[in-house]
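Protein chains in written order, with the numbering used here: chain Y, 100 to 354; chain G, 4 to 559.
Cβ coordinates follow ideal geometry from the N, Cα and C atoms, glycine included.
First comes the structure, then the notes that go with it.
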């Protein structure tokens with residue numbers, strides 16, 4: 100009896116929580132992030148309706164069953180069972196197909212894309228820009244020298260690496276395709292910017308591409324989202340999305 | 004009067020008994036010890052998260068590596084020693100042979116060995132946290148290279164992490180032996196007349212969970228041996244070339260961290276079902292009994308369990324959507340994950356349909372069973388989000404995931420354990436537990452669980468990453484702190500009301516009312532006063548024309 104009432108209160112409390120929103124999502128800054136927000140919203144409606152229906156059904160079952168003297172001896176109902184199996188199958192499969200529509204776009208290198216290398220290590224971020232020649236210089240761990248300002252390890256003998264420069268924050272132009280090439284030198288890290296609505300593990304030994312197209316200038320925090328050791332929660336940097344002209348000017352000052 | 008030697012013999016014969024009920028009690032108390040430890044660890048962590056400046060001992064604040072080692076121990080203890088051992092090993096051992104009409108498990112000596120190997124594993128786990136250098140901090144998932152390259156990757160990653168891997172390898176051996184024993188018991192030891200389709204839902208789910216356990220722990224054991232070779236013998240299964248960890252070049256090369264993720268989650272996902280399938284069986288069994296009616300859709304329930312187990316083996320990739328696997332394979336894993344929703348929903352419908360036209364007896368065991376259905380639905384619904392790769396890319400490794408698995412794996416399985424404890428307490432200790440305290444404990448636990456884990460989803464909405472030892476570095480986390488404080492206070496309240504259960508448990512072991520032969524007027528053979536073979540199905544409640552509202556399976 101009491102459980103039925105508690106379930107009613109729970110259902111109402113759940114709805115109130117979603118109406119009050121003690122905390123909510125940050126701003127979306129890419130077309131993909133806006134699409135994410137739409138996909139989330141309709142998934143939330145479906146899940147919300149199922150939540151309310153299931154909890155109320157359970158509450159009602161408890162409230163009505165308390166006083167019944169004789170129980171039914173029914174062991175099943177083929178029609179009913181087939182109906183709810185088919186209905187849930189249709190719902191979940193539809194969700195699966197709709198949910199994968201925005202996925203599986205593999206980022207590729209192409210001329211005209213602003214390409215930046217993201218280098219993660221315990222417990223800091225570095226970002227390498229290829230310089231005016233557009234090529235990243237060869238690297239090796241034997242050249243890494245954090246104290247001397249080279250956390251990437253650019254080979255001094257490679258001419259294409261001469262104009263490369265490394266920063267501690269990630270500056271990108273607004274309104275252009277930006278291809279991030281994710282690298283880690285030690286353990287698995289994860290590149291997570293909430294406003295992009297995505298994250299990507301950075302696996303040592305692999306180069307994983309991540310393409311973004313930010314359409315709103317501003318500063319957005321970069322967090323590591325894969326447990327990487329004792330400094331995991333301190334592994335922070337900032338994504339600075341700048342108007343394209345300002346970005347080009349900033350890049351010129353770096354050569 | 005017992006002589007000293009006789010007393011020693013009797014303690015020895017109890018400790019090293021091959022009797023399935025004694026072994027069940029041993030597992031029960033090992034799990035109880037583990038859950039007390041795991042809960043205490045979670046409270047220390049929750050306290051630190053909202054009071055990061057609080058000092059301990061000689062005036063130091065908690066070091067991040069210490070927090071992470073507590074977190075690793077919490078996850079490991081809860082997943083292996085609570086959620087695996089209590090529902091499958093403790094209650095499986097206690098009830099499975101009785102309900103099948105078997106004299107004992109198929110291999111009683113092996114059964115005794117399984118328990119002591121599990122106990123050894125627990126000892127090794129505790130040892131890993133007392134090892135020089137501290138406890139491992141790589142989490143219960145222990146992703147390499149962090150977990151594979153030794154102490155240079157962090158404190159506790161030396162001896163502590165090695166012992167941790169040994170502990171889990173020993174645990175895997177114990178689980179494999181238990182699985183073989185349970186499978187053999189179901190196949191070979193059923194009493195006369197106990198056909199497979201006359202087995203109670205409990206036995207079916209223990210059976211299916213044991214098969215899953217056999218397959219999953221084999222993969223885990225293999226992976227553990229490989230990573231131990233990486234750590235101790237200089238091989239490179241999981242360590243790629245060209246690593247520089249803490250300014251030290253790693254000599255290994257050619258391995259793949261993703262290989263570990265595949266092997267680990269090939270175990271890790273089925274493990275979720277190993278933990279929850281027994282609970283599903285218990286809840287099916289109890290809702291039928293306390294509704295006084297046959298389990299609705301028994302055959303569908305059996306097939307749903309088998310489908311969940313089968314699908315559970317092929318969805319490990321949904322833990323790896325953002326790991327760097329081919330994004331197209333994520334689409335396949337997502338599809339299969341969504342398909343698991345179907346047998347899960349079928350089970351939920353059948354539980355509600357069983358209670359629908361029943362004459363409900365809201366005992367504590369029944370309340371926990373109904374509570375299980377409620378949290379199973381709630382925890383399952385967040386799976387609708389996480390099963391979509393695109394949505395998961397935001398929620399992965401945030402508190403949304405923490406809320407999801409604590410509800411569906413943690414709280415739901417614990418409700419199954421609580422229900423089983425109240426229901427089979429007469430088999431465990433010959434007495435009844437106190438119903439008034441039991442109900443009070445249920446209501447407070449039910450409210451506390453939702454108060455803790457429902458708001459936690461919102462921390463995930465804000466993008467709050469999990470496995471952070473403090474929330475002070477990031478500006479955006481300041482806004483989440485009031486919510487995190489609420490979660491901590493709720494968690495403390497939830498833990499505090501468990502004292503009611505502990506009091507009830509220990510008081511009832513000695514002073515509870517003596518249990519009658521068949522206290523719940525149940526159909527199962529474990530309560531039967533008859534001697535003959537099984538002649539009827541498992542849920543003959545409220546049969547028309549019968550003199551009483553239940554017919555025991557071997558009642559002539």
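Contact annotation: residue 328 of chain Y and residue 274 of chain G have beta-carbon atoms that are not nearer than 9 Å. Residue contact with chain Y for residue 538 of chain G: absent (no Cβ-Cβ distance below 9 Å to any residue of chain Y). Close partners of residue 452 of chain G in chain Y (Cβ separation under 9 Å) are lacking, with about 11 Å as the shortest Cβ gap. If you draw a straight line from the Cα of residue 547 of chain G to the Cα of residue 34 of chain G, it comes to about 42 Å. Contact between the region 371–389 of chain G and the region 417–429 of chain G is present: three or more C-beta pairs spanning the two stretches fall below 8 Å.
Contact check for residue 263 of chain G and residue 323 of chain G: beta-carbon distance about 11 Å, past the 8 Å limit, so the pair fails to qualify. A direct Cα-Cα distance of roughly 23 Å separates residue 189 of chain G from residue 174 of chain G. Chain G has no Cβ within less than 9 Å of the Cβ of residue 310 of chain Y. For the region 74–99 of chain G, the set of positions with a beta-carbon nearer than 8 Å to some beta-carbon of chain Y is empty. In the DSSP annotation of this structure, residue 547 of chain G is not part of any beta strand (DSSP E), being labelled neither H nor E. Where residue 336 of chain Y is concerned, the enclosing beta strand (DSSP E) starts and stops at 335–341. In the DSSP assignment, residue 317 of chain Y falls within the unbroken beta strand (DSSP E) covering 317–323. Across the set G:78, G:527 and G:214, the C-alpha of G:214 shows the shortest separation from the C-alpha of residue 187 of chain G. The DSSP-derived three-state label of residue 220 of chain Y is strand. Neighbours of residue 256 of chain Y across chain G, judged by C-beta separation under 9 Å, do not exist; the nearest C-beta is about 18 Å away. Annotation: residue 437 of chain G has no Cβ neighbours in chain Y at a cutoff of 7 Å; minimum Cβ distance is about 17 Å. In this structure, the CA atom of residue 339 of chain Y is about 5 Å from the CA atom of residue 318 of chain Y. Within the region 325–354 of chain Y, the residues whose Cβ lies closer than 9 Å to some Cβ of chain G are 325, 326, 327, 328, 329, 330, 331, 332, 333, 334 and 335, listed in chain order. A straight-line Cα-Cα distance of about 21 Å links residue 158 of chain G and residue 236 of chain G. Listed as beta-bridge partners of residue 299 of chain Y by DSSP are Y:290. With its beta carbon at least 9 Å from every one in chain Y, residue 506 of chain G lies outside the interface. The alpha helix (DSSP H) runs lying completely inside the region 75–143 of chain G and spanning 4 residues or more are 94–103 and 111–133, given in chain order. Listed along the chain, the chain Y residues whose CB falls inside 7 Å of the CB of residue 464 of chain G are 122, 123 and 124. Only residues of its own chain outside the window of five on either side were considered, and among them 45, 46, 49 and 455 have a CB closer than 7 Å to the CB of residue 494 of chain G, listed in chain order.
DSSP, read as helix, strand or coil, puts residue 511 of chain G in helix.
The beta carbon of residue 277 of chain Y does not come within 9 Å of any beta carbon belonging to chain G, so the residue lies off that interface. Listed along chain Y are 170 and 172, each with a C-beta nearer than 8 Å to that of residue 544 of chain G. As computed with DSSP, residue 276 of chain Y is found in no beta bridge at all.
Spatial neighbours of residue 239 of chain Y in its own chain (CB-CB distance under 8 Å, excluding positions within 5 residues in sequence) are listed in chain order as 252 and 254. Chain Y places a beta carbon closer than 9 Å to that of residue 302 of chain G, counting this residue as a contact. According to DSSP, residue pairing for residue 282 of chain Y in a beta bridge involves Y:218. Counting other Cβ atoms within 10 Å of its Cβ, residue 509 of chain G stays below 16 and is therefore classed as exposed. At a C-beta separation below 8 Å, residue 236 of chain Y has no neighbours in chain G, since its nearest C-beta there lies roughly 16 Å away. Residue contact check for residue 111 of chain G against chain Y: no CB pair falls below 9 Å. Residue environment: residue 176 of chain Y is assigned as exposed (fewer than 16 neighbouring CB atoms within 10 Å of its CB, all protein chains considered).
Taking residue 308 of chain G as reference, the option from G:289, G:99 and G:347 with the minimal CA-CA separation is G:347.
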